Structure formats: structure tokens, C-alpha cells
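J.: This structure is in C-alpha cells; I'll ask about it shortly.
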Amino acid sequence: MSDGSFAGPVRLNGSRRRTRTGSAPVPTRRDAPSAYLRGPACPEHSSGARPVAEFRVYTSPSAFPNPQRLRLFCHEKGIADRIDEVIYDMTPGGEQRGWRHLKRNPWGETPTLELPDGTYLAETAGIVRFLDGHFPGRRIMGDSALEQGQDQMWDDRIWVQILYRLTTAFHVLHEGLGHKLELTRNPQWGEHCRKEAIAHAGLVDRHLADGRDWLLGGPEPTFADITLCTAVAFSKFGPVATPLDERFESLDRFWQRWKQRPAFRAAYRDGGGIEELAGLAAN
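This is how it looks when you write it as C-alpha cells:
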């Protein structure tokens with residue numbers, strides 16, 4: 344890698360099939376939830392040379408919310424062509440818990456970004472902050488210090504109070520990724536988390552009820568909006584089954600607005616395991 348670039352398995356915005364680490368392309372398994380086993384299909388490129396990928400990200404299929412936060416950000420930022428993806432097979436044993444990935448990220452989590460010098464960045468917000476500053480263009484995390492602070496405030500609220508609670512419900516109510524990876528089944532705690540997510544979603548809905556399109560009130564979405572979009576999407580995922588857009592009017596408008604954006608349609612092109620979005624895969 345003397346040129347500082349990757350010849351990775353696939354671009355975020357490419358048309359090649361996703362591959363597992365050190366293996367052939369992941370086969371389609373008709374008897375398994377496809378959202379667990381494959382990444383999002385990608386829109387076709389126009390003719391012409393593609394930018395050289397600068398980074399590689401080790402990540403998960405489109406049903407998983409943190410990888411989707413990063414994918415949606417990359418499409419909004421217009422940098423999907425600059426990042427190669429390696430998408431892990433999350434079942435039944437979980438490639439992300441294997442020793443190869445643990446050498447990159449001892450927490451065994453995705454996404455994990457690899458830089459050309461061998462540095463690794465983990466935690467979605469940290470990766471996004473780096474990429475937002477590294478590449479030119481609109482600052483999705485905010486231009487001014489005030490916007491950045493407000494975006495962080497709303498992103499923390501949504502991640503901690505809504506999305507994290509929904510993911511916890513997924514893991515403890517339904518054994519999430521299966522008994523080999525999920526050590527605790529706790530239906531009572533899962534229901535508590537679900538109720539907490541709904542309650543906090545109501546506060547966000549109230550904030551959006553003044554007619555604003557996005558959380559900060561600007562003309563374009565910020566990273567907090569991306570996290571909220573991902574939370575609404577994950578709430579509609581089968582095992583979670585708590586569709587927030589059906590409960591709250593302003594969140595429904597927010598969700599419909601996102602579905603019209605090209606970045607959303609690219610990031611969720613395979614449907615993300617959500618029945619409502621299955622039509623995107625056919626287009």
C-alpha cells in the first residue's frame with residue numbers, strides 16, 4: 344500500500360458484491376434472515392474513473408444501526424466512493440468476535456475504520472467526526488461551534504435514550520444474534536427499554552412539531568438527524584417491532600422526508616431487512 348490507498352473488496356457506493364474477511368463472496372442463504380447476512384446493494388456508477396479509496400471499514404449488514412449511521416453519513420457527505428467495505432457475517436458465530444477483528448478492535452464491534460498507516464478508529468461518532476473533518480464539503484456535524492454542540496447534544500439524546508434502548512431490547516428480548524453471541528435473555532428489561540425508547544421519542548416528536556424539517560432547524564440534516572433516521576428505521580425492524588413513525592406524527596413526517604433523499608435510498612437500497620423498504624431493492 345505504498346500509495347496510501349486500498350484495493351479493498353468493495354466500495355460503499357460500488358457495484359461489486361460484499362465479501363467476508365479473507366473469503367469468497369458471502370453466499371445467499373434462503374433459510375436465514377438476509378438482513379443479517381448481506382450488506383446493502385449499491386447504486387450503479389456513472390461511467391468514468393472512480394476515486395481511489397482512502398480508507399477501509401470493517402462493518403456489518405444493513406440491518407445493524409451503527410453501521411447504517413456511518414453508511415448514511417457517507418452518502419450524505421458524498422464520500423461513499425472513498426471507503427472500501429468489508430462486511431462481516433454476523434451469524435451464527437459472529438466474524439466480528441473472531442481474533443482477526445479483535446486485533447483491530449478489542450471490543451469486537453463494528454464499524455471499525457482502518458487508515459492507510461494502520462491506525463484504527465472505532466465508535467461510530469468518532470469515525471464520523473474524523474471523516475467529516477478530513478474530507479471537504481458540507482460539515483454534517485455542524486459548521487459553527489454552536490451547531491456542533493447542538494448536534495452533539497441531540498445525537499447523544501437520540502443514541503442513548505432511543506436507539507441504544509431499542510438495540511438493547513433487540514438483544515435481550517429475542518436473543519438478538521443467537522445464543523452463541525447473546526449471553527443474557529431478559530424480557531422484563533427488554534420491555535422496559537422499549538417503553539423508555541417510546542417515551543423519549545415522544546420528546547423528540549414534540550421538538551419537531553414546530554414545523555422544522557431537521558432537529559437543528561437548518562435546511563439540511565446533521566448527524567443527529569442521521570442517528571434519528573436510523574433509530575426510526577431500526578424500530579421498524581421485525582424483531583424490534585416498535586415503529587416510531589406510526590406512533591408520532593412529526594416523526595412520521597421526518598421519516599417520509601428522509602425516504603426521499605438520495606443518500607437514504609443508496610444506504611438502504613437492499614431494504615435493510617425492513618418490509619416497507621423492500622421496494623428500494625427492486626429499483
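For the sequence shown, my numbering begins at 344 and goes up steadily by one.
From the three backbone atoms N, C-alpha and C, an ideal C-beta is built for every residue, glycine too.
None of these values were measured; they are calculated from a predicted model.
1. How is R363 classed by DSSP in three states: helix, strand or coil?
2. Please go through the same chain and pick out, in chain order, the residues whose beta-carbon is closer than 8 Å to the beta-carbon of A606, but skip the five residues on each side of it.
3. I need the DSSP call for I617, collapsed to helix, strand or coil.
4. Based on the DSSP output, what are the partners of I430 in its beta bridges?
5. Given 8 Å as the limit, is there contact between the stretch 424-431 and the stretch 480-500, that is, 3 or more CB pairs closer than that?
6. Let me know if T573 comes out buried or exposed under the rule of 16 or more other beta-carbons within 10 Å of its beta-carbon.
7. Looking at the unbroken alpha helix (DSSP H) that takes in T453, where does it start and where does it end?
8. Can you give the beta carbon distance from E438 to R447, rounded, assuming they're within the 8 Å contact cut?
9. If you follow the beta strand (DSSP E) that L464 is part of, which residue opens it and which one closes it?
10. DSSP state of I483, grouped into three classes?
11. Run through DSSP, which three-state label would G391 get?
12. Mapping the DSSP letters down to three states, classify K579 as helix, strand or coil.
13. Would you say A540 and I505 are within 7 Å of each other, going by their C-beta atoms?
14. Quick one: is Y611 buried, meaning 16 or more other Cβ sit within 10 Å of its Cβ, or exposed?
15. Could you tell me the alpha carbon to alpha carbon distance between R555 and A567, rounded to whole angstroms?
16. Taking just the CA atoms, how far does G480 sit from R472?
T.: According to the structure data:
1. One-based indexing of the sequence shown puts residue 363 at position 20. The predicted position of R363 is uncertain, since its pLDDT is 38 and thus under 50; no value can be drawn from it.
2. Residue 606 sits at position 263 when you count from the first residue of the sequence shown. Answer for A606: L415, H418 and E419, listed in chain order.
3. Position 274 of the sequence shown, counted from the start, is the residue given in the question as residue 617. Here I617 sits in coil by DSSP.
4. The count along the sequence shown starts at 1 and reaches residue 430 at position 87. Looking at the DSSP assignment, I430 forms a beta bridge with T402.
5. no
6. In the sequence shown, the residue the question calls residue 573 occupies position 230. Burial call: buried.
7. Within the sequence shown, residue 453 is the residue found at index 110, counting from 1. Per DSSP, T453 belongs to no alpha helix (DSSP H) and is neither H nor E.
8. By 1-based counting over the sequence shown, the position of residue 438 is 95. By 1-based counting over the sequence shown, the position of residue 447 is 104. With a Cβ gap of about 12 Å, E438 and R447 do not count as contacting.
9. For this step, residue 464 is matched to residue 121 along the sequence shown. Unbroken beta strand (DSSP E) run through L464: Y463 to A465.
10. Reading the sequence shown from its first residue, position 140 is the one you call residue 483. Here I483 sits in coil by DSSP.
11. Residue mapping note: residue 391 aligns to position 48 of the sequence shown, counting from 1. Bear in mind that a pLDDT of 48 at G391, under 50, signals an unreliable position, so the model cannot answer this.
12. Taking the first residue of the sequence shown as 1, we reach residue 579 at position 236. In the structure shown, K579 sits in coil (DSSP, three-state: anything other than H, G, I, E or B).
13. The residue given as residue 540 occupies position 197 in the sequence shown. The residue given as residue 505 occupies position 162 in the sequence shown. Result yes, Cβ atoms of A540 and I505 sit closer than 7 Å.
14. Here residue 611 refers to the residue found at position 268 of the sequence shown. The residue in question, Y611, is buried, as its Cβ has 16 or more Cβ neighbours within 10 Å.
15. Taking the sequence shown and counting its residues from 1, the one referred to as residue 555 is at position 212. Taking the sequence shown and counting its residues from 1, the one referred to as residue 567 is at position 224. One C-alpha to the other measures close to 14 Å.
16. In the sequence shown, residue 472 corresponds to position 129, counting from 1. In the sequence shown, residue 480 corresponds to position 137, counting from 1. Approximately 13 Å, taken between the alpha carbons.
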